[in-house]
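Student: Next up is a structure, given as structure tokens.
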Amino acid sequence: MDKTPDILCIGSVLWDVVGRTGAEMVKGNDVPGRIVRIPGGVALNIAMTLKGFGLVPGLVSVLGTDPAGNELAAACEDMNLVTRYLTRDPDLPTDSYIAIEDGSGLVAAMCDAHSLEAAGERILAPLLDGRLGSDAAPYPGTIALDGNLTETLLANIAERPAFRAADLRIAPASPGKATRLTPLLAHPGATLYVNLEEAGLLLGRSFDGAHLAAEALVSAGATRAMVSDGARSAALGTFEGTISAAPPKVAQVRVTGAGDTFMAAHIAAELRREDAQAALDTALRAAATFVSGGTPK
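Read in order, the letters of the sequence shown correspond to residues 1 to 297 in full-length UniProt numbering.
Structure below.
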């Protein structure tokens, strides 16, 4: 696709393998269910949702030249995502993610993003060599950035002049990677998107709700912090104050990708210039639609 992207999505682009069952599971269970293999990864999940809201996302990541990578690249092109900024590496296998979900939510998950980590700064070449930007002419647009990048690379992005003018929207990818975002707290254009657990890990304390966690992240230096808490209220903290809202109540069909959908819907709403409360409400509705099995629009 030759269009100029409205937003860049930097991070994991991979295959999701998700097993779902309506049964309640405990460790060691072997139950019947459905298993699907779908395009995924935080950056790609965000891009697909943004595309559904009428935006043109560009992918910045790495894919192998193996059959899995070729198939995934073709799938992204079929979805009219901008793929020309993807790094293709014949020596790295295409990354993958596996999750098990039961009737109450996520049971366990594992992300193999070793190729993304191994590619390192090479994936950022379009933002450094003049195609999209450089240290002398920083990229001025919106970037959705996920925490599957290494801590070293995230710290480099936090300090590099090429990223100082960007509207950075940042997700940790998982609680286990939340602390990687610490160097980005001080970026003047950063908005953090974390859940309640991830907020606690970033600040080394626990919180009773999203409102308090969002306020604490701003007090710790974040310019803006969005904190979600599943079916409970989410909150957006800024230097001007904190707002919150509760999501619609829906029957849960799936959970993998819900946080990425929430983040993408909020970005899209703000790029449409919805006010802060309306954008939060839009994001919560989109996440609820996704969890219930529908397609956010």
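Backbone N, C-alpha and C define an ideal beta-carbon position, used for all residues, glycine too.
Is it the case that the Cβ atoms of residue 143 and residue 280 are separated by a distance below 8 Å?
Tutor: Going by C-beta atoms, residue 143 is not nearer than 8 Å to residue 280.
Student: Quick check on this structure: which residue in 156, 164, 163 has the alpha carbon closest to the alpha carbon of residue 182?
Tutor: It is 156 whose Cα lies nearest to the Cα of residue 182.
Student: How many whole angstroms separate the CB atoms of residue 94 and residue 118, which I take to be in contact at a CB cut-off of 8 Å?
Tutor: Wrong, their Cβ atoms sit about 12 Å apart, outside the cutoff.
Student: What residue ranges within the region 128-206 form continuous beta strand (DSSP E) runs of no fewer than 3 residues, ordered along the chain?
Tutor: Runs found: 142-146, 167-171, 190-195.
Student: Assign residue 276 to one of three DSSP states: helix, strand, or coil.
Tutor: Helix, per DSSP.
Student: Which same chain residues end up closer than 6 Å to residue 13 when comparing Cβ atoms and leaving out the 5 residues on each side of it in sequence?
Tutor: Closer than 6 Å at Cβ, skipping near neighbours: 41, 43, 44, 59, 61.
Student: Would you call the region 251-258 and the region 99-106 in contact, with 3 or more CB pairs under 8 Å?
Tutor: With the cut-off at 8 Å, the region 251-258 and the region 99-106 touch.
Student: Using beta-carbon positions only, say whether residue 292 and residue 251 come within less than 8 Å of one another.
Tutor: A contact, by the Cβ cut-off of 8 Å.
Student: Can you give the beta carbon distance from residue 39 to residue 75, rounded, assuming they're within the 8 Å contact cut?
Tutor: Indeed, because the Cβ distance is near 5 Å, the residues count as touching under 8 Å.
Student: How is the beta strand (DSSP E) around residue 225 delimited, first residue to last?
Tutor: Per DSSP, residue 225 belongs to the beta strand (DSSP E) from 224-229.
Student: Run through DSSP, which three-state label would residue 52 get?
Tutor: Residue 52 falls in the helix class under three-state DSSP.
Student: Would you check if the region 230-241 and the region 212-221 touch, i.e. whether three or more CB-CB distances between them fall below 8 Å?
Tutor: Contact between the region 212-221 and the region 230-241 is present, because at least three Cβ pairs lie under 8 Å.
Student: Could you spell out where the beta strand (DSSP E) holding residue 110 opens and where it closes?
Tutor: From DSSP, the beta strand (DSSP E) with residue 110 extends over 105-112.
Student: Measuring alpha carbon to alpha carbon, tell me which residue in 221, 171, 54, 20 is nearest residue 109.
Tutor: When each option's Cα is compared against that of residue 109, the closest is 20.
Student: Considering only DSSP beta bridges, list what residue 39 is partnered with.
Tutor: According to DSSP, which records beta bridges pairwise, residue 39 is partnered with 15.
Student: Looking only at C-alpha atoms, which of 2, 149, 16, 84 sits nearest to residue 126?
Tutor: The shortest C-alpha separation from residue 126 is found at 84.
Student: Among the candidates 172, 135, 202, 47, whose CA atom is the shortest distance from the CA of residue 160?
Tutor: Out of 172, 135, 202, 47, 135 has the C-alpha closest to the C-alpha of residue 160.
Student: Could you tell me which residues DSSP puts in a beta bridge with residue 254?
Tutor: Residue 254 is not bridged to any residue.
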